[in-house]
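Engineer: Just passing along the structure, written as structure tokens.
Protein chains in written order, with this note's numbering: chain Y, 1 to 326; chain H, 1001 to 1457.
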């Protein structure tokens, strides 16, 4: 029997998703026995042309990590879609846009301006920026187009399943892989992780009081963080209430608040706006009646960066998507 | 004119493409290494709270997320003008060493090493970690898995996640280390010492050094460039991954510069080309002279061999022995052999194991005093650490609320990017003749890039 063909590809990403797969250790070796890797640039020597040579639908499943920013990435994920029976958006960037999605707070030109002309170490008197085409003495060079907007994978191609997390935790990866191998997948479009929010599984839940109230927003470096107290009760913004569980509470256990990499819990459409409404509902709750508008504004001022805090991983897939272009 | 394309460059973190132009006789006119990827961290960090930088900038590279996390955290110490507690510094250095070890092992057994362990001319389908296990044996494979698991255990215990840890704060760490954790760290460090000597360096000795073909490849001219070298050194000019001075030596090995992170602007500049999204670091005080090596060119290299070249030695005894042996074989210091980056990487691996053992033996490691809360108003801060691939710079400017107004991030791959292009071009010119191009020739060109362990994005 021929083994199912599997591809792994990364677009705009950090490579952490691929390392998370390598870190499956013995489980990875078992998977390797059951499948035939036909593309995984970080670890195997197969090239793009090897994919072009395949029949449509010949790949059983393509795992694609990374948001989509460059034209080359867009072409490659479209090619993989055409050649694959299943496509899994692997990790926060493919799923939600991820950290690179914060690029949507700026224009393409502003990014080029900063990276190639403004940073204090750049010496660029001619104001050169990378071009899609350059004619040199020897040969013509081409570069993929840097798009103005970072997209999630499903904004470019249809996606069958989502594996959340930055990077996805090992048990969720293995559950997904086993489900695919055994053909026991849920309905298309499912996020392959528990549905409930992180607060439900948080190790600090037991100590949490009824009716959290924030009197003053604190930043993680401003106070001595309690190793057991709910972050919200300490005044620290934590996205646990709106974020999908299944991550193993890894950040919380390291005594740092959740930043939302698993994406919205089931039933939440927009992770950021839901987070804003929850934080707003607990701000100053205990002394609400006596508060003036000035007091409220002062409280809100404690949130230095609403967009980058509430939409840390999910800006491209949010209702905001990106900063309005002039 | 004929064009040969390698797309993508594989067993490489990030994205890369090679295009080779051949003349009428089938000789290489020029080979280009291009990076077709950009995300723009230096822009989109603006507006973010400074204290979130360790959790944002680490997403530049998942393979070296701990290094970015640490460089960023050190930049925050500087930004908020707060000295971390003594225990916090030790925990951070331990984390840096565990991480370098874990990544160096990944590189040798999964990324760059398969070219040697399996063989550069073996079929493409075998040149990978599965081929390594087939060649080196299941026992070695099992030990690679075990040692990486234990090292990740150290990073996870300290920082929550092995990929994208979260523990760094200005002035210290988010939580202390427990005595139980420290004991498991001791076992991990002991296991790593054994692994470094009896698995990694033993394989290098037996499979690589005893093979004349490989040794000729390493010491020959195909993979060689005379450049400046940069690396972090301690007070005794020994290699250090977490802290110290940045030292630069010239192509003859003479000290050219020695400076603190805060002085980096006096020494480093970046050049821009229109045909790649990568930028090219060079030494400001030598200048950009194009893609050439030698004293007159500001091109410098970072990473394992560069660190060993830039230092006077290793701070631990066993690593020092192997260090001396390497330079003896390579014919003195500095060594300019790009493929010897692999060798230097394994010597560093041994150093990390010895250094970890020192750090985990210190009872202060479990002190509850892991953070000093900052009280000063931030404006500007710089932080430098050694990532596996080389010296890594983070530089932030903020407003008075600590909101980022300017970020400059120079990753090792940028520092090496001119050398990587030169190495690609030289390997292609040396290996392709009369238009004869085989899969193994192309792989041997990619080997010139893999030696640096770049993460091109």
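We put the CB at the ideal spot given by N, CA and C, even for glycine.
This one's a predicted model, so the numbers in the text were calculated from it and none came from an experiment.
Which class does residue 1314 of chain H belong to by DSSP, given the choice of helix, strand or coil?
Structural biologist: Coil.
Engineer: If residue 143 of chain Y and residue 1034 of chain H are in contact, beta carbons under 8 Å, what's the gap, nearest whole angstrom?
Structural biologist: Yes, residue 143 of chain Y and residue 1034 of chain H are in contact; Cβ-Cβ is about 7 Å, under 8 Å.
Engineer: Give the residues of chain Y in contact with residue 1056 of chain H, contact being defined as C-beta atoms less than 7 Å apart.
Structural biologist: What residue 1056 of chain H touches in chain Y: 99.
Engineer: Contact criterion: CB-CB distance below 9 Å. Does residue 1423 of chain H meet it with respect to chain Y?
Structural biologist: It does not: the Cβ of residue 1423 of chain H has no partner Cβ on chain Y nearer than 9 Å.
Engineer: What's the C-alpha gap between residue 1389 of chain H and residue 168 of chain Y?
Structural biologist: Rounded to the nearest angstrom, the two C-alpha atoms are 25 Å apart.
Engineer: What residue from H/1370, H/1436, H/1105 and H/1332 has the CA that sits closest to residue 1147 of chain H's CA?
Structural biologist: Among H/1370, H/1436, H/1105 and H/1332, the Cα nearest to that of residue 1147 of chain H is on H/1105.
Engineer: Taking the alpha-carbon positions, what's the residue 1101 of chain H to residue 291 of chain Y distance?
Structural biologist: Distance between the alpha carbons of residue 1101 of chain H and residue 291 of chain Y is about 55 Å.
Engineer: Please give the ranges of any alpha helix (DSSP H) in the segment 1051-1075 of chain H, keeping only runs that are unbroken, at least 4 residues long and fully inside the region.
Structural biologist: Correct list: 1053-1056.
Engineer: How long is the line joining the alpha carbons of residue 1251 of chain H and residue 1333 of chain H, rounded to whole angstroms?
Structural biologist: So the alpha carbons of these two residues sit roughly 9 Å apart.
Engineer: To the nearest angstrom, how far is the alpha carbon of residue 1169 of chain H from that of residue 1086 of chain H?
Structural biologist: Using only the alpha carbons, I get a separation of about 14 Å.
Engineer: Closest Cβ-Cβ distance between residue 1262 of chain H and chain Y: below 9 Å?
Structural biologist: Not closer than 9 Å to any Cβ of chain Y, the Cβ of residue 1262 of chain H fails to qualify, so no.
Engineer: Could you tell me whether any Cβ in chain Y is nearer than 9 Å to the Cβ of residue 1272 of chain H?
Structural biologist: It does; some Cβ of chain Y falls within 9 Å.
Engineer: Taking the alpha helix (DSSP H) that residue 281 of chain Y falls in, what are its first and last residues?
Structural biologist: Per DSSP, residue 281 of chain Y belongs to the alpha helix (DSSP H) from 271-282.
Engineer: Could you compute how far the alpha carbon of residue 201 of chain Y sits from the alpha carbon of residue 258 of chain Y?
Structural biologist: For residue 201 of chain Y and residue 258 of chain Y, the distance between alpha carbons rounds to 12 Å.
Engineer: Between which residues of its own chain and residue 1113 of chain H is the CB-CB distance below 8 Å, once the five residues before and five after are set aside?
Structural biologist: So the list reads 1107, 1132 and 1342, once near-sequence residues are dropped.
Engineer: Could you tell me the boundaries of the beta strand (DSSP E) in which residue 149 of chain Y lies?
Structural biologist: Unbroken beta strand (DSSP E) run through residue 149 of chain Y: 146-151.
Engineer: Note the first and the last residue of the continuous alpha helix (DSSP H) segment covering residue 121 of chain Y.
Structural biologist: No alpha helix (DSSP H) contains residue 121 of chain Y, which DSSP labels as neither H nor E.
Engineer: What residue does the beta strand (DSSP E) around residue 7 of chain Y start on, and which one ends it?
Structural biologist: Residues 5-10.
Engineer: Please report how far the alpha carbon of residue 1017 of chain H lies from the alpha carbon of residue 1007 of chain H, in whole angstroms.
Structural biologist: Using only the alpha carbons, I get a separation of about 5 Å.
Engineer: Using 8 Å as the threshold, is the segment 1444-1453 of chain H in touch with the segment 1337-1355 of chain H, meaning 3 or more CB pairs across them?
Structural biologist: Touching, yes.
Engineer: Once the 5 residues before and after residue 1418 of chain H are set aside, which same chain residues still bring their CB inside 8 Å of it?
Structural biologist: Excluding residues within five positions, the ones whose Cβ falls inside 8 Å are 1271, 1280, 1281, 1282, 1291 and 1299.
Engineer: Under 9 Å between C-beta atoms, does residue 243 of chain Y make it to chain H?
Structural biologist: No, its Cβ sits nowhere closer than 9 Å to a Cβ of chain H.
Engineer: Using a Cβ-Cβ distance under 9 Å, would residue 14 of chain Y count as near chain H?
Structural biologist: So, interface residue.
Engineer: For the alpha helix (DSSP H) containing residue 1029 of chain H, list its first residue and its last residue.
Structural biologist: That residue, residue 1029 of chain H, is in no alpha helix (DSSP H); its beta strand (DSSP E) goes 1028-1034.
Engineer: Can you list, in chain order, the residues of its chain whose CB lies under 8 Å from that of residue 264 of chain Y, leaving out five sequence neighbours each side?
Structural biologist: For residue 264 of chain Y, where only same-chain residues beyond five positions count, the Cβ hits under 8 Å are 242, 243, 244, 270, 271, 274 and 314.
Engineer: Can a CB atom of chain H be found closer than 9 Å to the CB of residue 49 of chain Y?
Structural biologist: Chain H, which has a Cβ nearer than 9 Å to the Cβ of residue 49 of chain Y, makes this yes.
Engineer: Which residues in the same chain have their Cβ closer than 6 Å to the Cβ of residue 1224 of chain H, if we skip the five residues on either side of it in sequence?
Structural biologist: The answer, listed in chain order, is 1336 and 1337.
Engineer: What residues in the segment 1166-1183 of chain H bring their beta carbon closer than 8 Å to a beta carbon of chain Y?
Structural biologist: Flagged, chain order: 1166, 1167, 1169, 1170, 1171, 1174 and 1175.
Engineer: Listed in chain order, which residues of the segment 1022-1034 of chain H have Cβ atoms closer than 8 Å to some Cβ of chain Y?
Structural biologist: Listed by position, the residues of the segment 1022-1034 of chain H near chain Y (Cβ gap below 8 Å) are 1029, 1030, 1032 and 1034.
Engineer: In whole angstroms, give me the CA-to-CA distance for residue 37 of chain Y and residue 162 of chain Y.
Structural biologist: Distance between the alpha carbons of residue 37 of chain Y and residue 162 of chain Y is about 20 Å.
Engineer: Provide the residue span of the beta strand (DSSP E) that contains residue 1382 of chain H, from first to last.
Structural biologist: From DSSP, the beta strand (DSSP E) with residue 1382 of chain H extends over 1380-1387.
Engineer: Please confirm whether residue 1050 of chain H and residue 1402 of chain H have their CB atoms less than 9 Å apart.
Structural biologist: Cβ atoms of residue 1050 of chain H and residue 1402 of chain H: closer than 9 Å.
Engineer: With C-beta atoms as the reference, is residue 34 of chain Y less than 9 Å away from residue 3 of chain Y?
Structural biologist: Yes, Cβ-Cβ distance for residue 34 of chain Y and residue 3 of chain Y is below 9 Å.
Engineer: Have a look at H/1157, H/1328 and H/1122 and flag the residue whose alpha-carbon is nearest the alpha-carbon of residue 1460 of chain H.
Structural biologist: Given that chain H is displayed from residue 1001 to residue 1457, the structure contains no residue 1460 of chain H and the question cannot be resolved.
Engineer: How would you label residue 136 of chain Y, buried or exposed, when you count the other beta carbons within 10 angstroms and need 16 or more for buried?
Structural biologist: Its Cβ having fewer than 16 others within 10 Å, residue 136 of chain Y is exposed.
Engineer: Would residue 1288 of chain H and residue 1032 of chain H qualify as a contact pair, given that the criterion is a beta-carbon distance under 9 Å?
Structural biologist: The answer is no: Cβ separation not under 9 Å.
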